[in-house]
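What follows is a set of notes on a single structure, which appears directly below.
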Amino acid sequence: MGGKVEIKKMATAGTVESNDILIMISKGEGNIEIELESVVEQQYGEEIKKVIHDTLVEEGVSSAKVIAKDKGALDFTIKARVRTCIKRGSGDTNEL
Numbered sequence: 001m002g003g004k005v006e007i008k009k010m011a012t013a014g015t016v017e018s019n020d021i022l023i024m025i026s027k028g029e030g031n032i033e034i035e036l037e038s039v040v041e042q043q044y045g046e047e048i049k050k051v052i053h054d055t056l057v058e059e060g061v062s063s064a065k066v067i068a069k070d071k072g073a074l075d076f077t078i079k080a081r082v083r084t085c086i087k088r089g090s091g092d093t094n095e096l
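Numbering (UniProt numbering), first residue to last: 1 to 96.
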């Protein structure tokens with residue numbers, strides 16, 4: 001995406017089906033806040049949060065509140081869901 005991206009509205013992407021993740025994003029308060037609920041939180045919680053955080057930063061988001069409900073999604077799925085949420089939340093839905 002490049003540049004700074006502002007989350008303007010609440011958006012969701014994904015499902016709570018097995019091997020998927022539901023991402024909900026909304027306006028932040030000047031920082032990135034991630035709340036995670038996962039079936040594998042004890043083993044992989046910090047890694048999942050890092051993937052979400054790094055994807056937000058790569059896409060130019062510096063302020064957002066993210067709630068993630070994970071059912072064992074792999075990294076590429078997490079990244080895709082976060083990117084879709086960013087596009088929807090920023091109003092950039094031309095490519096969706």
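Ideal placement from N, C-alpha and C gives every residue a C-beta, glycine not left out.
Determine the burial state of residue i: buried for a count of at least 16 other Cβ atoms within 10 Å of its Cβ, exposed for fewer.
i: residue 66; result: buried
i: residue 92; result: exposed
i: residue 82; result: buried
i: residue 51; result: buried
i: residue 5; result: buried
In the DSSP assignment, find the beta strand (DSSP E) that holds residue i and state where it starts and stops.
i: residue 8; result: Looking at the DSSP string, residue 8 is not in any beta strand (DSSP E), and its letter there is neither H nor E.
i: residue 101; result: This structure cannot speak to residue 101, because the chain is shown only from 1 to 96.
i: residue 61; result: From DSSP, residue 61 is part of no beta strand (DSSP E); its letter is neither H nor E.
The alpha helix (DSSP H) that contains residue i, what's its start and end?
i: residue 51; result: 41-58
i: residue 90; result: 75-90
Helix, strand or coil, according to DSSP, for residue i in the structure here?
i: residue 29; result: coil
i: residue 71; result: coil
Assuming contact is defined by CB atoms lying nearer than 7 Å, are residue i and residue j in contact in what I supplied?
i: residue 68; j: residue 36; result: yes
i: residue 28; j: residue 64; result: yes
i: residue 53; j: residue 86; result: no
i: residue 30; j: residue 38; result: no
Return the Cβ separation of residue i and residue j in integer angstroms, given the expectation that the two are a contact with Cβ distance under 8 Å.
i: residue 8; j: residue 89; result: 7 Å
i: residue 12; j: residue 23; result: 7 Å
i: residue 19; j: residue 71; result: 6 Å
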